[in-house]
Structure formats: structure tokens, C-alpha cells
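S.K.: What follows is a single structure, and I will ask about it in a moment.
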Amino acid sequence: MSRLSSFKGPSTPSSSPVAAKQPNTPSSPSRLTESTHHRKVRSLLHDLRAATETWDDLVLHDGLRAVKSLVDARTDLDNDLALIPAGTQPAFHIAQPKLALMEQRISELDVVIAKLKKQFYKMNTAIENLEAALFEAHKLKGWQWVQEPLWVTWSLDKFVSAVPEILVPYHRSLEMHIELVDLLRSHDVSFEVSRQAIAQWVAQPCLEDGSWDARWEDLCAIEIDRWNGPK
1420 MSRLSSFKGP
1430 STPSSSPVAA
1440 KQPNTPSSPS
1450 RLTESTHHRK
1460 VRSLLHDLRA
1470 ATETWDDLVL
1480 HDGLRAVKSL
1490 VDARTDLDND
1500 LALIPAGTQP
1510 AFHIAQPKLA
1520 LMEQRISELD
1530 VVIAKLKKQF
1540 YKMNTAIENL
1550 EAALFEAHKL
1560 KGWQWVQEPL
1570 WVTWSLDKFV
1580 SAVPEILVPY
1590 HRSLEMHIEL
1600 VDLLRSHDVS
1610 FEVSRQAIAQ
1620 WVAQPCLEDG
1630 SWDARWEDLC
1640 AIEIDRWNGP
1650 K
């Protein structure tokens, strides 16, 4: 079932470890022999992280390049048209190349949006599979097992309950980028509005506190054994 309809409310962070390094806590019973469930959780969270990394590449490289080029081409055309005497039609060879370039950049931004939607779908899929892993572990090992710490302090149940929070800020960010592309699609948009759109595109304000790096990377490094090691 799609989660898109549930993303209107604010995201409420759950508690998480704040220590700078892994605490010296006794190993949980689950950790003594790592199971397929442990490996599944680690793999799915790696998939989730990979989707967010691709997201940032799309926004800050492909998308930003297209946005800046679009605004530059539009500004250049405005400057060229300003030099033409009032009441005179601009020459075709002046306007046409710039207009073609702008349309090309808009098409590239549409591709970026489609790819962002694909990454968001991958995030949803990873979380659905994480939920499925909980149900499977509960069926095979019982309710007590899924509530025990997997590696350090977080249980499988806690991961499944908390990780879906990441979808809220990424969905809001997706909607923001769609709105920015629609705004920049118009050739009548002012330079100042375009400049503000570029700033928003880069800043991704919806992800300031809820991105993978801001909220989850350090937590996973603490709570998941061999998080950055061999899988």
C-alpha cells in the first residue's frame, strides 16, 4: 500500500543513541550467533542508504547543473533582448538557440524528477521488506526475539517502528523539487525568483534534520555490527 497519503503530518524523531562511539554493552543473545535476520536488516538498511546517496547525487549534480544552465540561458536571452531597440522583433538566430537550450534543460529536470521518484520508491520497498523481515522473524522465533537487541540496544521491532520516519522528509523534499521544476518551467519567471529556486534546490530544507546522514548514519554505525565493514 502506498504511504504517500500519510506524509502530511510532522515527523516525530524517536530516541536514538547519542554516544560518539559504540558503548561497551553486553552482547545480546541474538548477537552471539548472527542469523539471516541480522544480515537481512543490515542489507536492507544499506539499500536504504544507497537510495539516499543516489538522491543527493541527482539533486546536487545532475539537477543542479540543469537548473543553473537553465537560469543562465534565460538570463543571457533577457540581456540579448534588452539590447534590441523597442518595437523591433528579435532576430530568430538570437532567440532560437537559447530557447532550444532552455527546453533541453527543462527536459533534463523532468528526468531528474523521474529518477528521484524511483529512489523514493526504492526507499519504500526497503522499508516494506524490513517490515516483512519482522513478520518472518516473529513467526519463526517468536515475539520475545524481535524485541531483544539485535546487536547493541535496538531491537528488530524498534528498527521497523522507527526507520519509516525517513520517508516523511524525503517525500516532502520530492514534492518541493517537483514544485521548483514547475516554477522554472515558465520563461516568464524572474531572475530573483530563479535565484531563490536554485538556493532551495541546493539546500533541500526538508532534509535538514531528517536526511539519512543527519538522522540515521551515526545511529546505524553504533547499533549495527559491521555496518561499514564486510557484509
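So the sequence shown is numbered by this note's numbering: it starts at 1420 and just counts up by one.
For each residue, glycine too, the CB sits at the ideal point set by N, CA and C.
Since the model is a prediction, treat every value here as computed from it, not as a measurement.
#1: Restricting to Cα atoms, I'd like to know which of L1575, L1603, A1581 is closest to S1454.
#2: Looking at the unbroken alpha helix (DSSP H) that takes in R1614, where does it start and where does it end?
#3: Would you identify the three-state DSSP class for S1630, choosing helix, strand or coil?
#4: Would you call the CB atoms of V1460 and F1578 closer than 8 Å?
#5: Just to confirm the assignment, what range does the alpha helix (DSSP H) spanning H1456 have?
#6: To the nearest angstrom, how far is it from the Cα of A1556 to the Cα of D1466?
#7: Based on the DSSP output, what are the partners of S1526 in its beta bridges?
#8: Relative to the C-alpha of S1580, which residue among D1601, E1472, A1551, L1602 is closest?
#9: Hey, V1582 and L1549: beta-carbon distance below 8 Å or not?
#10: Return the CA-CA distance between C1639 and L1599, expressed in angstroms with no decimal places.
#11: Use the C-beta contact count for W1573: other C-beta atoms within 10 angstroms, 16 or more gives buried, fewer gives exposed.
#12: Can you tell me the Cα-Cα spacing of L1496 and F1610, whole angstroms?
#13: Go through its chain and collect everything with a Cβ distance to L1483's Cβ below 8 Å, but skip five positions before and after it.
#14: From the DSSP output, read off the bridge partner residues of P1568.
#15: So, for Q1623: in the same chain, excluding its five sequence neighbours on each side, which residues have a beta-carbon less than 7 Å away from its beta-carbon?
#16: Taking the alpha-carbon of R1614 as reference, which of M1521, E1636, L1489 has the nearest alpha-carbon?
#17: Going by Cα to Cα distance, which pick from L1528, T1494, S1526, I1532 is closest to L1517?
#18: Which two residues bound the contiguous alpha helix (DSSP H) that contains H1480?
#19: Looking at the structure shown, is W1635 part of a helix, part of a strand, or coil, going by DSSP?
#20: So L1535 packs on W1474, CB below 8 Å; how close in whole Å?
#21: Under three-state DSSP, which class holds R1645?
#22: In the structure shown, what three-state DSSP assignment does S1580 receive?
#23: Rounded to a whole number of angstroms, what is the C-alpha to C-alpha distance between V1608 and H1590?
M.R.: So, to answer that:
#1: Taking the sequence shown and counting its residues from 1, one reaches residue 1454 at position 35. Of the candidates L1575, L1603, A1581, the one whose C-alpha sits nearest the C-alpha of S1454 is L1575.
#2: For the purposes of this step, residue 1614 is taken as residue 195 along the sequence shown, with counting starting at 1. For R1614, the uninterrupted alpha helix (DSSP H) segment begins and ends at 1610 to 1622.
#3: As a first step, residue 1630 must be located in the sequence shown, where it is residue number 211. Note: S1630 maps to coil in three-state DSSP.
#4: In the sequence shown, counting from the first residue as 1, residue 1460 sits at position 41. In the sequence shown, counting from the first residue as 1, residue 1578 sits at position 159. In this structure, F1578 lies closer than 8 Å to V1460 by Cβ.
#5: For the purposes of this step, residue 1456 is taken as the residue at position 37 of the sequence shown. Note, H1456: alpha helix (DSSP H), 1455 to 1476.
#6: Translated into positions along the sequence shown, residue 1556 becomes position 137. Translated into positions along the sequence shown, residue 1466 becomes position 47. Our two residues, A1556 and D1466, have alpha carbons roughly 20 Å apart in a direct line.
#7: The sequence position of residue 1526 within the sequence shown is 107, counting from 1. S1526 is not bridged to any residue.
#8: Translated into positions along the sequence shown, residue 1580 becomes position 161. Nearest to S1580 by C-alpha distance, out of D1601, E1472, A1551, L1602, is A1551.
#9: Counting from one through the sequence shown, the residue named residue 1582 turns up at place 163. Counting from one through the sequence shown, the residue named residue 1549 turns up at place 130. For the pair V1582 and L1549, the CB atoms are nearer than the 8 Å cut-off.
#10: Taking the sequence shown and counting its residues from 1, one reaches residue 1639 at position 220. Taking the sequence shown and counting its residues from 1, one reaches residue 1599 at position 180. L1599 has its alpha-carbon roughly 32 Å from the corresponding atom of C1639.
#11: Translated into positions along the sequence shown, residue 1573 becomes position 154. By the 10 Å Cβ count, W1573 comes out buried.
#12: Numbered from its first residue, the sequence shown carries residue 1496 at position 77. Numbered from its first residue, the sequence shown carries residue 1610 at position 191. If you draw a straight line from the Cα of L1496 to the Cα of F1610, it is about 12 Å long.
#13: Taking the sequence shown and counting its residues from 1, the one referred to as residue 1483 is at position 64. Closer than 8 Å at the Cβ level, and outside the excluded window around L1483, lie I1617, W1620, V1621.
#14: Taking the sequence shown and counting its residues from 1, one reaches residue 1568 at position 149. Looking at the DSSP output, P1568 sits in a beta bridge with S1574.
#15: Position 204 of the sequence shown, counting from 1, holds the residue named residue 1623. Correct list, in chain order: V1478, S1592.
#16: Mapped onto the sequence shown, residue 1614 falls at position 195. Between R1614 and the set M1521, E1636, L1489, the nearest pair of CA atoms involves L1489.
#17: If you number the sequence shown from 1, residue 1517 lands on position 98. The amino acid occupying residue 1517 in the given sequence is Lys; Leu does not appear at that position. Minimum Cα distance to K1517 is reached at T1494.
#18: In the sequence shown, residue 1480 corresponds to position 61, counting from 1. Judged by DSSP secondary structure, H1480 falls outside any alpha helix (DSSP H); it is assigned neither H nor E.
#19: As a first step, residue 1635 is located in the sequence shown; it is residue number 216 there, counting from the start. Judged by DSSP in its simplified three-state form, W1635 adopts coil rather than helix or strand.
#20: Residue 1535 sits at position 116 when you count from the first residue of the sequence shown. Residue 1474 sits at position 55 when you count from the first residue of the sequence shown. Rounded, the Cβ-Cβ distance is 6 Å, consistent with contact.
#21: On the sequence shown, residue 1645 is found 226 positions in, with the first residue counted as 1. The DSSP-derived three-state label of R1645 is coil.
#22: Residue numbering aside, residue 1580 sits at position 161 when the sequence shown is read from its first letter. Residue state, collapsed to three classes: helix.
#23: Taking the first residue of the sequence shown as position 1, residue 1608 is located at position 189. Taking the first residue of the sequence shown as position 1, residue 1590 is located at position 171. Straight through space, the alpha carbons of H1590 and V1608 are spaced by roughly 25 Å.
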